[in-house]
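Trainee: Protein chains in written order, with this note's numbering: chain A, 444 to 638; chain B, 444 to 638.
We put the CB at the ideal spot given by N, CA and C, even for glycine.
Only a predicted model underlies this, so the values are computations on that prediction, with no experimental measurement involved.
One structure coming up, written as structure tokens, with questions to follow.
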């Protein structure tokens, strides 16, 4: 994803940082940065037998009505993206197809807080199959469940395909805001001005 | 601030929603949406006597070296913005001059999480006195203290004065991203697609 956005130069994420930021048990899901993982399988999902192992803060959304039979999927990295939920006999062929990262947000102009969507990613070989919509609707549903009033995210101005997709889903595209980011040496220097 | 941004139409904040979103004791400062209040006084600050009443998660930053004597301040709403920290004899003349709202954020491309700055506001009669810098540096210092790597915020593209201010402080202005926002009926409809 960083490559896609031309941000490889600033990319500093590591496996350790992902674990610390997303998967600490002291941070309950959706009250801190949270990843939703999209997994697909041609077989019925084995995950129901594992529900007791999962956090009660989020019950997986299982969709059995997606007809993947008619889709020609050719995943060149099938083994790399094999899910850990593969049934007791490791025979269910569950694979990771995408993810979304969200965290709780607040906008002082609105009565209710929201979810900020930091990343949505569907792996290349799974695009055009409505999986992006699935991820988005899971986020919208979660926001509703938590009594939140909005979902916010950023899109690159050159990404017409995504902008069209977002406008079709009824999102408001707000052209006037620009992102500012203070980090690195500049952050440290500015923090010192407070001494 | 909503008026300044032409957003009065969507403004739904209430006193109750502010209390619920910003001042719940179950949400420790900086781990959920948090307001920093800028208060000024021509007299020495009485706040040190009240430290025991305050949360230990944030110790107020007190600056006694600001020479306000040479500044001509004429506050037309002095009584409305009188602080609750006015000393035992209510004689310290502490007034609210501005605020900033932040919440923890996460960007999947970076190793460390950050603070997202949702609002910074200095009341009109206190502008041009470097109070904005003070608020920003307090936020930068807090991010540093928490081991965070960045502070992010949005600025309107027509707000040249602010953009210049941010670039001078060393912030990166990233022109390519646009804000998208899903709320209201559209959010509810999209959530239903997940059923």
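What does residue 453(B) touch in chain A if you count any residue whose Cβ is under 9 Å from its own?
Mentor: Those are 552, 553, listed as they occur along chain A.
Trainee: Quick check on residue 624(A): does DSSP put it in helix, strand or coil?
Mentor: Residue 624(A): strand per DSSP, three-state reduction.
Trainee: In chain B, which residues lie with their C-beta within 8 Å of the C-beta of residue 617(A)?
Mentor: Chain B residues near residue 617(A): 621, 622, 623, 624.
Trainee: Mind listing the chain B neighbours of residue 600(A)? Cutoff is C-beta to C-beta under 9 Å, in chain order.
Mentor: What residue 600(A) touches in chain B: 618, 619, 620, 621.
Trainee: From residue 472(B) to residue 612(B), what distance separates their C-alpha atoms?
Mentor: If I take the Cα positions, the gap works out to 25 Å.
Trainee: Just mark residue 444(B) as buried or exposed, buried being the case when its beta carbon has 16 or more other beta carbons within 10 Å.
Mentor: By the 10 Å Cβ count, residue 444(B) comes out exposed.
Trainee: Counting C-beta neighbours from all protein chains within 10 Å, is the total for residue 511(A) 16 or more, i.e. buried, or is it exposed?
Mentor: It is exposed - the Cβ of residue 511(A) has fewer than 16 other Cβ atoms within 10 Å.
Trainee: Which residue marks the beginning of the beta strand (DSSP E) containing residue 483(A), and which one marks its end?
Mentor: 477-483 is the span of the beta strand (DSSP E), which, as asked, contains residue 483(A).
Trainee: Rounded to the nearest angstrom, what separates residue 484(A) and residue 464(A) at their Cα positions?
Mentor: Between residue 484(A) and residue 464(A), the C-alpha separation is close to 28 Å.
Trainee: I need the straight-line Cα distance from residue 545(A) to residue 446(B), nearest angstrom please.
Mentor: Residue 545(A) and residue 446(B): Cα-Cα distance of roughly 29 Å.
Trainee: Along the chain, where does the beta strand (DSSP E) that runs through residue 514(B) open and close?
Mentor: Neither: residue 514(B) is in no beta strand (DSSP E) and is coded neither H nor E.
Trainee: Which chain B residues sit within Cβ distance under 8 Å of residue 594(A)?
Mentor: Per Cβ cutoff of 8 Å: 624, 625, 626, 630.
Trainee: So, do the stretch 595-603 of chain A and the stretch 571-591 of chain B have three or more beta carbon pairs nearer to each other than 8 Å?
Mentor: Segments in contact, no.
Trainee: So, for residue 569(A): in the same chain, excluding its five sequence neighbours on each side, which residues have a beta-carbon less than 6 Å away from its beta-carbon?
Mentor: Cβ within range, chain order: 540.
Trainee: Would you grab the beta carbon distance between residue 594(A) and residue 557(A) for me? Rounded to a whole angstrom, and I think it's under 8 Å.
Mentor: Rounded, the Cβ-Cβ distance is 6 Å, consistent with contact.
Trainee: Could you confirm whether any beta carbon from chain C is found closer than 8 Å to the beta carbon of residue 456(B)?
Mentor: Among the protein chains of the structure shown, namely A and B, there is no chain C.
Trainee: So residue 553(A) and residue 592(A) are supposed to be a Cβ contact under 8 Å. How far apart are they, rounded?
Mentor: That pair is a contact at about 5 Å.
Trainee: Closer than 8 Å, CB to CB, is residue 447(A) near chain B or not?
Mentor: Output row for residue 447(A): interface = no.
Trainee: Can you tell me where the alpha helix (DSSP H) holding residue 435(B) begins and where it ends?
Mentor: Summary: the structure shown does not reach residue 435(B), with chain B confined to residues 444 through 638, and so no result is reported for it.
Trainee: Roughly how many whole angstroms lie between the Cα atoms of residue 448(A) and residue 619(A)?
Mentor: Whole-angstrom Cα-Cα distance: 21 Å.
Trainee: Can you pull out the residues from the stretch 552-576 of chain A whose beta carbon lies closer than 8 Å to at least one beta carbon of chain B?
Mentor: Against chain B - using a Cβ distance shorter than 8 Å - the residues of the stretch 552-576 of chain A are 552, 553, 554, 555, 556, 557, 559, 561, 562, 576.
Trainee: For residue 636(B), which three-state DSSP category applies?
Mentor: Coil.
Trainee: On the DSSP bridge list, what partners appear for residue 595(B)?
Mentor: For residue 595(B), which the question treats as bridged, DSSP gives the partners 624(A), 559(B).
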